[in-house]
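Here is the structure we will look at.
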Amino acid sequence: MRGAEKGIGFLWFIIFLGAVCGSLIGDILGNNLSFLSFLKNSYAIGTSTPISLNLKVMIVTLGLNFNINVMTIIGIIMAIILYKRR
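If you read the sequence shown in the numbering used here, its first letter stands for residue 223, the second for the next number, and so on.
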């Protein structure tokens, strides 16, 4: 019954937290240590400009962009491992 205690919302929160922490660590290490400069290289996935939908009553603007680097992926993997160990 241990698995029933964990919610899917908590898993997504842990994954998000792991991605943010991994990105921050990658940026810090990439900026301060020259031989780890590849860690700060990020790749953008998503829309570069938001999409606007004018409905005459309101305007809806949608946009989503992910910046992923090596440490982001490592942070997500570490977060999932820690979640499963809990």
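Where is the CB? At the ideal position from N, CA and C, for every residue including glycine. Note that the structure is predicted; figures quoted are calculated from it, not measured.
For residue i, which residues of its own chain have a beta-carbon under 6 Å away from its beta-carbon, when the five flanking residues on both sides are left out?
i: S256; result: none
By a C-beta neighbour count over all protein chains shown, 10 Å radius and 16 as the cutoff for buried, is residue i buried or exposed?
i: G252; result: buried
i: L246; result: exposed
i: T294; result: buried
i: G244; result: buried
Please state whether DSSP places residue i in a helix, a strand or coil.
i: G231; result: helix
i: G240; result: helix
i: T221; result: Outside the displayed range of the chain (223 to 308) lies residue 221, so it cannot be described from this structure.
i: N263; result: coil
i: G268; result: strand
i: K258; result: For clarity, residue 258 is Leu in the given sequence; the question names Lys instead. Three-state DSSP puts L258 in a helix.
i: L277; result: coil
i: L284; result: strand
i: R308; result: coil
i: N253; result: helix
List the whole-angstrom C-beta distance separating residue i from residue j, where the pair is believed to meet the contact cut-off of C-beta under 8 Å.
i: I298; j: A241; result: 5 Å
i: A301; j: I237; result: 5 Å
Is there contact here, the region 287-296 with the region 264-272, by at least three beta-carbon pairs under 8 Å?
yes
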